[in-house]
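Undergrad: Here the sequence shown is numbered in our numbering, starting from 149 and rising by one per residue.
Below is the structure I would like to discuss, written out as structure tokens.
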Amino acid sequence: MQHYTIGYTNGVFDLFHVGHLDFLKMAKEHCDYLIVAVCKDSLVFEHKGKFPIIPLKERMELLSGIKYVDQVVVQTTTDRISEWNKYHFDVIFHGIDGKEWDIQNGYFDSLNKIGVKSIYFDRLLNISTTKIINNILSRYKK
């Protein structure tokens, strides 16, 4: 796979887990500089109908300490072109579940037209924040 100069990804990164770490490691393997945009709390609520458990500042601080991450920024929009205008990345990384979102909203084609490659990683581990929350609820339910 081709190597890029500036990579970009975004996400909530709530209840940081090994799946997040694995994803960031894979992304960094394909670029020299990785920018990670962390969704602000209100944006998460707008799209998922719930607020993150871990506040934005703490999620950003956690990501800043990870060796695969070169820069952490606040994601204020889901518009990929708007984000590209700010950071001028060569490649965007997402989980495979983000591909449909990009296609439906025209971002895949729009990014491709300006020369930005979109790379979607399969989920290698069967883990997610939702699964962790459900596991906690089932284990500690009284």
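Beta carbons are placed, not taken as given, at the ideal position from N, Cα and C, and that holds for glycine.
I need the DSSP call for S276, collapsed to helix, strand or coil.
TA: DSSP places S276 in coil when its eight states are reduced to three.
Undergrad: Just verifying my parser: in three-state terms, what is the DSSP assignment at Q150?
TA: If DSSP states are grouped into helix, strand and coil, Q150 belongs with coil.
Undergrad: To the nearest angstrom, how far is the alpha carbon of S212 from that of K289?
TA: In a straight line, the C-alpha of S212 is about 34 Å away from that of K289.
Undergrad: With which residues is N158 paired in a DSSP beta bridge?
TA: Partner(s): A185.
Undergrad: Does the segment 207-221 touch the segment 175-193, meaning 3 or more C-beta pairs lie closer than 8 Å?
TA: Because the criterion of three Cβ pairs below 8 Å is met, the segment 175-193 and the segment 207-221 touch.
Undergrad: Apart from the five residues just before and just after K196, which ones in its own chain have a Cβ nearer than 6 Å to its Cβ?
TA: Same-chain partners within the cutoff: there are none.
Undergrad: Kindly list the residues whose CB is nearer than 8 Å to the CB of H151, restricted to its own chain and excluding five residues on each side of it in sequence; keep chain order.
TA: Cβ neighbours of H151 beyond the five flanking positions: H178, C179, D180.
Undergrad: Consult DSSP for K265 and reduce its assignment to one of helix, strand or coil.
TA: DSSP places K265 in strand when its eight states are reduced to three.
Undergrad: Could you work out which residue in V166, S230, I251, Y235 is closest to K279 when comparing CA atoms only?
TA: K279 has its Cα closest to that of V166, out of V166, S230, I251, Y235.
Undergrad: First and last residue of the alpha helix (DSSP H) that includes I229?
TA: Counting along the chain, the alpha helix (DSSP H) containing I229 begins and ends at 228-235.
Undergrad: Using the rule of at least 16 other Cβ atoms within 10 Å of the residue's Cβ for burial, across every protein chain shown, is E248 buried or exposed?
TA: Its Cβ having fewer than 16 others within 10 Å, E248 is exposed.
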